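Following: one structure in structure tokens, then a few remarks.
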Amino acid sequence: MHSPGSALDALLQQAPAHADALWQRAALLEKCGSWQAAFFDLHELQSLGPPDCARPGLLEALARAAAACRRARELRAPCERAFAAGEGGGGGGGEAGRGGGGGGGGGSGGFGQAGGELERHARTLGLSAAAAAAARGGAPPPAAEVRAAFKAAAARVHPDKAPPEAGARAAAARRFAEVRAAYEALMAAAAAAGTAGTAGSGRAR
């Protein structure tokens, strides 16, 4: 027996721009506390344009989801700072080298800082060097650039494009999850900063 959520997923797979299904799934995700995923669907609904972007309660729901995502990041930050400090004491390799090239940016150079986290997400999506540098300073990239980068990255790493071997599919699924998480985090940051636009759609399946 399929749950309402899985039925909505199936409907959206057939018709990605189905506004009512997006609205209902966002409401279910909000009730479950999946704020980033709810924000993703709500922003997608807003990007469809009139009359869907004028749906009663949409702006309030977007604001709630963005605020919840911001609170979640604030709660994670101390743990991530502690983890980054431990990693930095081991010689500066690994994740720090992958994200920012060791010694760039001020302070400890870990990803626990807000700018470092944004930069990591920007690099995961393959955004321009200028966008990554701005993110390092704490400025989220423009929503239109994030959407375009997500669409390109998702098309490259989607599990459906992976070889049929189980290991390759699993690796592609992990990579796709990282790309989608980076997209959701950057879009939430753009909304919180007031830079999220309504033109275009970045959803890729």
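So the sequence shown is numbered by UniProt numbering: it starts at 1 and just counts up by one.
Glycine is no exception: its CB is placed at the ideal position from the N, C-alpha and C atoms.
All of these numbers come straight from a predicted model, not from anything done at the bench.
Check whether residue i and residue j have beta carbons under 8 Å apart
i, j, result
"Glu145", "Leu118", "no"
"Ala149", "Pro159", "no"
"Pro140", "Ala190", "yes"
"Thr124", "Ala188", "no"
"His121", "Leu186", "yes"
Residue i: first and last residue of the uninterrupted alpha helix (DSSP H) it sits in
i, result
"His43", "35 to 47"
"Ala139", "No alpha helix (DSSP H) contains Ala139, which DSSP labels as neither H nor E."
"Ala152", "143 to 157"
"Ala27", "19 to 32"
CB-CB length for residue i against residue j, believed under 8 Å
i, j, result
"Ala162", "Ala155", "Not a contact, Cβ separation roughly 13 Å."
"Ala21", "Ala65", "17 Å between Cβ atoms; not a contact."
Rounded straight-line distance, which links the Cα of residue j to that of residue i
i, j, result
"Ala19", "Leu48", "8 Å"
"Lys151", "Ala192", "22 Å"
"Asp41", "Leu28", "11 Å"
"Cys69", "Glu184", "9 Å"
"Pro164", "Pro56", "44 Å"
"Pro51", "Ala61", "17 Å"
"Ala171", "Leu45", "30 Å"
"Ala63", "Val179", "23 Å"
"Phe176", "Arg71", "25 Å"
"Trp23", "Pro142", "24 Å"
"Leu58", "Arg147", "20 Å"
"Arg136", "Ala153", "20 Å"
"Trp35", "Arg73", "11 Å"
"Ala130", "Gly116", "14 Å"
"Cys32", "Val157", "28 Å"
"Cys53", "Glu30", "18 Å"
"Gly138", "Ala132", "10 Å"
"Ala134", "His43", "23 Å"
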